[in-house]
Amino acid sequence: MLIHTWDEGAGDEWRRFAIAQGFGHLVAAGRARDVPVVVPTQFLLGEDDDVVLHLARPNPIWSAIEENDRVLLSLAGDWAFIPSDWKAIDDEDPAWGIPTTYYAAVQLVGTASIVDDAEGIAAILGAQLAGLQPTTEVVDPRRHGPRLRGIRGLRIRVDDVRGKFKYGGNVDEAHRRAVAERLAERDGPGDRAALAHLLDQLALIFHEARGQAPHQDGSWSGELCGQLADQLERARMKDWG
Numbered sequence: 024m025l026i027h028t029w030d031e032g033a034g035d036e037w038r039r040f041a042i043a044q045g046f047g048h049l050v051a052a053g054r055a056r057d058v059p060v061v062v063p064t065q066f067l068l069g070e071d072d073d074v075v076l077h078l079a080r081p082n083p084i085w086s087a088i089e090e091n092d093r094v095l096l097s098l099a100g101d102w103a104f105i106p107s108d109w110k111a112i113d114d115e116d117p118a119w120g121i122p123t124t125y126y127a128a129v130q131l132v133g134t135a136s137i138v139d140d141a142e143g144i145a146a147i148l149g150a151q152l153a154g155l156q157p158t159t160e161v162v163d164p165r166r167h168g169p170r171l172r173g174i175r176g177l178r179i180r181v182d183d184v185r186g187k188f189k190y191g192g193n194v195d196e197a198h199r200r201a202v203a204e205r206l207a208e209r210d211g212p213g214d215r216a217a218l219a220h221l222l223d224q225l226a227l228i229f230h231e232a233r234g235q236a237p238h239q240d241g242s243w244s245g246e247l248c249g250q251l252a253d254q255l256e257r258a259r260m261k262d263w264g
């Protein structure tokens, strides 16, 4: 995918997005196929950045992976359409505005290993369950015994990450503030997630102007983001300097 320098994201932003999404499309090209096999799937990104998941044994992607173990996991989300007139501020003519879509996308590329032994499958299943429903008591997956043969596990050793966070990084602060105001006002599906990314960018501008660095986890001042959000609601961010 095309990634302009202003859309690259900062630090481990890609990792936080991938963990939050937890669902994507697994793509396996195989060999000499007209089109790749694409499977929507839940997944778990581990602390070592390995991806684990499981799929039904009859899934057609297994044969493609056996042909070629290089795979791609594609994630996209937090999107919001930005109408053309939102891009106009001050005396700019809204009729000349250019519409766009804000979104985040991450592609994880790596080498896949198929897990067929019962212990390995149970370990992957257990890890996924612990991540998805940590407060729900479940039996040890190994106790499912023969039923585990109905699925196969997959481990992807990620060696290339492509992250894109398209939230108006190519326009100045004033235009981004105007879009943030309108996202908060519209508050439609996806708008809050897109607004959160946009607030992160505005916080980055705020801190860089003051020579400040982000926290160790790559995040910025929660207090500042809270102030920005409050001002979006109260004063449409007219003056938060």
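Those letters in the sequence shown? Residues 24 to 264, per the working numbering, in order. Cβ coordinates follow ideal geometry from the N, Cα and C atoms, glycine included.
Distance CB(residue i)-CB(residue j) smaller than 8 Å
i, j, result
"V132", "D183", "yes"
"I144", "L171", "yes"
"D71", "K187", "no"
"V75", "A150", "yes"
"L96", "L49", "yes"
"R173", "R54", "According to the sequence shown, residue 173 is Gly rather than Arg. Not a contact, by the Cβ cut-off of 8 Å."
"H198", "I112", "yes"
"V161", "L152", "yes"
Residue from the options whose Cα sits closest to the Cα of residue i
i, options, result
"I88", "A33, Y190, V138, G192", "V138"
"A51", "V62, I42, A43, A41", "V62"
"D92", "R178, D101, Q151, L221", "R178"
"A33", "S136, H198, A127, P164", "A127"
"G154", "L67, L25, V181", "L67"
"V58", "I84, R80, D35", "I84"
"G45", "A141, G173, T64", "T64"
"R56", "F40, G47, W37, E90", "E90"
"I105", "A216, R205, T159", "R205"
"W37", "T134, R215, T158, H220", "H220"
"G213", "G100, S136, V94, Q156", "G100"
"L225", "R215, N82, D195, A43", "D195"
"Y190", "P169, H167, L227, R180", "L227"
"R175", "I42, A43, N82", "N82"
"V60", "Q156, S86, A118, I42", "S86"
"V7", "A207, G47, R215, W119", "There is no way to answer for residue 7, as the model of the chain reaches only from 24 to 264."
"S107", "D114, W119, E115", "W119"
Cβ separation of residue i and residue j, assumed to be a contact under 8 Å, to the nearest whole Å
i, j, result
"A203", "L218", "6 Å"
"T124", "W102", "6 Å"
"N193", "H77", "At roughly 40 Å, the Cβ-Cβ gap does not stay under 8 Å, so N193 and H77 are not in contact."
"A141", "R165", "7 Å"
"M24", "R209", "Incorrect: roughly 26 Å between the Cβ atoms, too far for contact."
Residue span of the alpha helix (DSSP H) that contains residue i, given as start and end
i, result
"V151", "What sits at residue 151 in the sequence shown is Gln, not Val. That run of the alpha helix (DSSP H) goes 141–155."
Heavy atom of the ligand PLP within 7 Å of residue i beta-carbon
i, result
"R200", "This structure lacks the ligand PLP; in fact it carries no ligand of any kind."
(request) Pick out the complete alpha helix (DSSP H) segments inside the stretch 41–128, 4 residues or longer, and give them in chain order. (result) 84–90
(request) Scan the stretch 166–206 and note each continuous beta strand (DSSP E) run of 3 residues or more that stays entirely inside, going in chain order. (result) 174–189
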